[in-house]
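Numbering (this note's numbering), first residue to last: 24 to 419.
Here it is as structure tokens:
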């Protein structure tokens with residue numbers, strides 16, 4: 024199959040180091056690495072802006088619809104997003120921009136799917152062990168398979184169908200989560216406003232343990248390939264436990280953390296950093312386990328508080344806003360929630376029988392989610408297989 028250097032068919036450039044003193048609350052959006060993820064560019068209420076004069080003064084850094092942004096350095100190197108807005112933005116430093124719209128030999132949808140391959144190429148070729156980085160010049164040298172346009176279109180159509188299978192299952196999982204939230208609100212009302220007038224008590228009175236652990240001496244270098252799980256904040260997501268990058272420690276290290284032994288049905292809550300207030304119930308498969316200093320154990324008194332009820336209370340929208348408010352007011356440089364703030368956090372306490380009924384309904388939803396996750400894995404495997412074949416010349 025014919026291939027071509029990316030730089031020969033696309034315009035590839037760097038962003039610009041705009042000064043923080045130039046930032047404004049309105050004007051032209053300044054796109055940073057935090058603005059894109061999962062193949063998309065986002066502009067939200069935390070957006071930073073620049074004066075409109077930069078559209079003329081820095082026109083080579085203008086981003087328009089269809090442009091692709093790529094992170095060039097740091098932990099997110101290779102992350103990309105397609106700009107899909109009708110208005111222009113400006114591009115910050117450490118980000119590359121690929122403009123493919125003027126190429127007559129490249130189908131836009133085919134190129135979109137190629138970005139998955141490009142990300143892999145970038146990760147393989149990024150230099151710097153501690154701080155990965157890659158230049159736009161190096162990206163421009165990467166080869167892209169370039170079959171005739173009709174073949175590109177057929178490949179894109181095949182990948183569209185595979186992506187639709189994956190996306191539909193992802194949407195189903197989101198709908199299950201929305202259903203769980205709806206059931207919670209229907210049974211208990213908003214836990215912050217408390218329209219049903221449930222008793223409210225401090226979390227310390229509804230739990231038998233609230234406490235976080237520590238990182239063993241030596242940090243990451245002291246971790247083992249197997250042993251006792253050490254749960255960190257990166258493992259805890261809202262109603263999800265991520266097994267990827269789960270750390271392990273040996274018996275001797277674990278013995279020094281015996282005050283934070285994780286038990287079945289413990290609710291785990293992130294107390295520091297960007298992931299503060301994320302929450303999940305520990306899965307049985309991860310035990311035996313300990314937590315580090317960024318994760319707190321919330322162990323319910325089961326005659327007062329059901330763990331599933333507590334989890335869904337914490338991840339409900341208004342509770343999350345309240346907890347994030349507590350976290351952001353605590354430190355100028357790093358969001359955190361102290362043990363005292365957790366122990367005094369007020370929670371509603373409906374009758375335990377009603378909480379248990381709610382947990383039974385959620386259990387049914389979780390069983391359906393488990394099946395959907397299996398389907399999602401299969402559809403992702405199919406998509407990735409077709410993707411490799413497509414850009415290896417075996418499809419189309």
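Think of the CB as a built atom: it goes at the ideal place given N, C-alpha and C, for glycine as much as any other residue.
As the crow flies, the alpha-carbon of residue 183 is around 18 Å from that of residue 170. Non-local C-beta neighbours of residue 288 in its own chain, meaning closer than 6 Å and more than five positions away in sequence, comprise 330, ordered along the chain.
Taking C-alpha positions only, residue 92 is separated from residue 325 by approximately 49 Å. The Cβ neighbour count for residue 362, taken over all protein chains shown within 10 Å, is under 16; the residue is labelled exposed. CA-CA distance, residue 225 to residue 63, rounds to 41 Å.
Residue 168 is bridged by DSSP to 26. Within the stretch 329-373, the runs of beta strand (DSSP E) that reach at least 3 residues and sit entirely inside it are, in chain order, 369-371. Of all alpha-carbon atoms in 320, 255, 250, the one lying nearest the alpha-carbon of residue 227 is that of 320.
For the stretch 102-174, the full-length beta strand (DSSP E) segments reaching 3 residues or more read 103-105, 112-114, 118-122, 166-168 along the chain. By a beta-carbon distance limit of 8 Å, residue 214 does not contact residue 123. Their separation comes to about 48 Å. DSSP places residue 33 outside both helix and strand once states are collapsed to three, so it counts as coil. The criterion of a C-beta distance shorter than 8 Å is satisfied by residue 118 and residue 56.
Between the alpha carbons of residue 97 and residue 147 lies a distance of about 14 Å. By a beta-carbon distance limit of 8 Å, residue 346 does not contact residue 314. Their separation comes to about 18 Å. Burial state of residue 189 is buried, judged by a 10 Å Cβ sphere holding 16 or more other Cβ atoms. Secondary structure of residue 89 (DSSP, three-state): coil. Secondary structure at residue 72: strand, using DSSP grouped into helix, strand and coil. Residue 258 has its alpha-carbon roughly 5 Å from the corresponding atom of residue 265. Here the stretch 399-416 does not lie against the stretch 259-279, with fewer than 3 beta-carbon pairs under 8 Å apart.
As computed with DSSP, residue 230 is found in a beta bridge with 323. Between the C-alpha atoms of residue 44 and residue 31 there is a straight-line separation of about 37 Å. One thing to note: residue 388 has its Cβ within 8 Å of the Cβ of residue 202.
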